[in-house]
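Chemist: To start, I am sharing the structure in question, which I have written as structure tokens.
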Amino acid sequence: MGLLGMILAAVLVAILLAFIIVKFLPLKLRWIASILLLALTAFLVSKIYYGIMEPIIFNKTKVVKYSKVVENLKIIRDAEVKHFEVTGQYTKDKNALIKFIDTAQLALTETKTIVEKENRGGGIIIDVEKRKTDTIGYEPVSKYFKGKNYKEMFKVPGVEGKEFEIEVGTVEKVPGMVVPTFYVKTPKQDILKGMNESLLKQELEQIATDQIKGEYVSVGSLDEVSTGGNWPPSYDKKDSDKEE
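The sequence shown: position 199 = 199 (the UniProt record's numbering), numbered continuously.
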């Protein structure tokens, strides 16, 4: 509506100025009016162009900024998942999580099906298949973070002095079964600081499925068992391309 109003206003101003020039301005002074009209036209064209391009530029810029933030969130998510595999819980201690990557060992297991004799009584003995899991070795957790800057993973890219907020909790998945959870987030407002206020307000209210919903860029949840992020699949496409 703002852009449409600007165009209508430009048309009305042009008509009004043309009428004034023809009706009241002496012929010898009309060259001055022509220059002013050209200047006004150039100004309005630039305003209209910027009005059209600003949302496009905003969307391209936000994707670039968000992509860097999402990359760090993925590293934090992977670190939390490995921490859970080894310890059975998540952590909000950032230094401890970095140290965990540097020093922890992940058990390698092998599951086999074995057959055991089972006495059912009365002289009846049957073969019963059972699954047996054995630890066959260990590997460093750091192996899974090779080439990733996990030492700096808690810093929010592009936001000076800002770190991700981490919370841990539990959820009762089914009655009697309590499961650990984690949630990592950072406000969009900080990431997009200095950009168009009107477009930023719209961004914080996003609900579209192809956008990052809500006021935060986040991964995990305290309300359900999830290690997913709130970003759409397009932010994971780069990872898929690398694997190919």
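Even for Gly, the Cβ is constructed at its ideal location relative to N, Cα and C. Predicted model, so just to flag it, every value in this text is computed and none were measured.
What are the residues that DSSP puts in a beta bridge with residue 218?
Modeler: Along the sequence shown, one-based indexing puts residue 218 at 218. Looking at the DSSP assignment, residue 218 forms a beta bridge with 185.
Chemist: For residue 135, which residues from the same chain have a beta carbon less than 6 Å from its beta carbon, with the 5 sequence-adjacent residues on both sides left out?
Modeler: Working through the sequence shown from its first residue, we reach residue 135 at position 135. Around residue 135: 107, 109.
Chemist: For residue 43 and residue 15, I'd like the C-alpha separation in whole angstroms.
Modeler: Taking the sequence shown and counting its residues from 1, the one referred to as residue 43 is at position 43. Taking the sequence shown and counting its residues from 1, the one referred to as residue 15 is at position 15. Approximately 16 Å, taken between the alpha carbons.
Chemist: Where residue 24 and residue 39 are concerned, what is the direct C-alpha to C-alpha distance, given to the nearest angstrom?
Modeler: Here the question's residue 24 lines up with position 24 in the sequence shown. Here the question's residue 39 lines up with position 39 in the sequence shown. Their backbone Cα atoms lie some 20 Å apart in a straight line.
Chemist: For residue 138, count the other beta carbons within 10 Å of its own beta carbon; 16 or more makes it buried, fewer makes it exposed. Which is it?
Modeler: Looking up residue 138 in the sequence shown gives position 138. Counting Cβ neighbours within 10 Å, residue 138 comes out exposed, since fewer than 16 surround it.
Chemist: Report the option in 149, 197, 96 whose CA atom is closest to the CA atom of residue 54.
Modeler: As a first step, residue 54 is located in the sequence shown; it is residue number 54 there, counting from the start. Checking every option, the nearest Cα to that of residue 54 belongs to 197.
Chemist: How would you label residue 129, buried or exposed, when you count the other beta carbons within 10 angstroms and need 16 or more for buried?
Modeler: Working through the sequence shown from its first residue, we reach residue 129 at position 129. Its Cβ having fewer than 16 others within 10 Å, residue 129 is exposed.
Chemist: Using only CA atoms, which one of 67, 48, 224 lies nearest to residue 231?
Modeler: Working through the sequence shown from its first residue, we reach residue 231 at position 231. Ranking the options by Cα distance to residue 231, first place goes to 67.
Chemist: Which first and last residues belong to the beta strand (DSSP E) in which residue 107 is found?
Modeler: Residue numbering aside, residue 107 sits at position 107 when the sequence shown is read from its first letter. Per DSSP, the unbroken beta strand (DSSP E) holding residue 107 starts and ends at 105–121.
Chemist: Take every Cβ of the stretch 141–155, pair it with every Cβ of the stretch 77–97, and state whether three or more of those distances are shorter than 8 Å.
Modeler: yes
Chemist: Output yes or no for whether 7 Å exceeds the beta carbon distance between residue 168 and residue 182.
Modeler: If you number the sequence shown from 1, residue 168 lands on position 168. If you number the sequence shown from 1, residue 182 lands on position 182. Contact: yes.
Chemist: Locate the alpha helix (DSSP H) running through residue 197, then write down its first and last residues.
Modeler: Working through the sequence shown from its first residue, we reach residue 197 at position 197. Residue 197 -> alpha helix (DSSP H) spans 197–204.
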